[in-house]
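Peer 1: If you're matching positions, the sequence shown starts at 47 in the numbering used here and goes up one per residue.
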Amino acid sequence: MLAVVCKTHDGLKALLTSDKKGPTNTSSRLHGVGASIGRPLDYRYLVICLENLRPYTGEFIIDDPKRRLPIRRKPRYVNKETPPVASIQTRADMMQELPFITDGGISLDIGIIKSGGTFSLGKRKVQIKFPKSFGRSYLRESYFKSEIRMKELKWERVRCVEDLEREQTLLTNAKNSFKIRKKEFVKFFSQSSSYL
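1. In the DSSP assignment, what are the bridge partners of Cys52?
2. Kindly identify the DSSP beta-bridge partner or partners of Ile158.
3. Do Ser166 and Arg90 come within 7 Å of each other at the CB atom, strictly closer than that value?
4. Taking the alpha carbon of Gln135 as the point to measure from, which residue in Ser153, Met141, Ile147 has its own alpha carbon closest?
5. Which word fits Leu216, buried or exposed, when buried means at least 16 other C-beta atoms lie within 10 angstroms of its C-beta?
6. By DSSP, does Arg114 sit in helix, in strand, or in coil?
7. Just the Cα atoms here: how many angstroms apart are Cys95 and Pro111?
8. Here's a check: name, in chain order, each residue in its chain whose Cβ is nearer than 7 Å to the Cβ of Val93, leaving out the five neighbours to either side.
9. Do you know how far the Cα of Ala220 is from the Cα of Glu211?
10. Indicate whether Gly150 and Met140 have their beta-carbon atoms separated by less than 7 Å.
11. On the DSSP bridge assignment, give the partners of Ser133 in chain order.
12. Would you call Ile107 buried or exposed, if buried means 16 or more other Cβ atoms sit within 10 Å of its Cβ?
13. Taking the continuous alpha helix (DSSP H) assigned at Cys222, which residues delimit it?
14. Can you grab the Cα-Cα spacing for the pair Leu199 / Asp209, in whole Å?
15. Applying the criterion that 16 or more other CB atoms from any shown protein chain within 10 Å of the CB defines a buried residue, is Ile194 buried or exposed?
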């Protein structure tokens with residue numbers, strides 16, 4: 047089965063009978079019919095609701111005779127931002143909040159609404175991972191040791207450069223002083239040689 051097409055949301059609701067906690071009751075409606083003929087719906091399938099379908103409002107590839115769409119890897123708005131995805135507790139809540147969901151949504155019991163009136167339903171588990179931060183990094187201790195060692199080496203290098211500059215200044219002053227004393231000595235020696 048590629049997809050189930052419904053005219054309205056009532057048809058979509060008729061496909062699913064959910065328990066109060068959210069998971070789909072597999073003994074009734076479409077799941078019950080599939081199980082009775084020996085083909086249970088243990089996989090994901092698409093449900094297209096014609097009531098929510100709308101024409102494509104985006105752009106086409108320029109100078110393309112087939113008018114293909116410029117599909118990117120991630121959907122983006124004109125200002126390059128990605129659209130928000132609503133995260134909802136159950137499929138029943140997702141159906142109630144359907145008028146407020148603009149760019150897609152996902153329920154925690156794995157009901158997925160794609161934009162444009164397409165719903166992804168079924169039993170297969172989809173792995174969704176949210177990043178967690180515990181405020182503590184999991185880097186190796188050797189990383190911190192080498193980072194501390196790098197800071198110490200940088201500090202030593204700065205100290206050595208300062209010492210070299212100080213020594214260079216002292217050397218320049220000593221050379222200038224030596225030149226002045228040498229001139230005085232040569233002058234004194236030339237004056238004293240005239241007395242001899």
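Backbone N, C-alpha and C fix where the C-beta goes; we use that ideal spot for every residue, glycine too.
Peer 2: In brief:
1. Cys95
2. Ile152, Ser166
3. yes
4. Ser153
5. By the neighbour-count criterion, in which a residue is buried when 16 or more other Cβ atoms sit within 10 angstroms of its Cβ, Leu216 is exposed.
6. Arg114: coil per DSSP, three-state reduction.
7. 30 Å
8. Ala49, Val50, Cys52, Leu58, Leu61, Phe165, Leu167
9. 14 Å
10. no
11. Ile152
12. The residue is exposed, with fewer than 16 neighbouring Cβ atoms inside 10 Å.
13. Rather than Cys, the amino acid found at residue 222 in this sequence is Asn. 187–241 is the extent of the alpha helix (DSSP H) around Asn222.
14. Cα to Cα, the separation comes out at about 15 Å.
15. exposed
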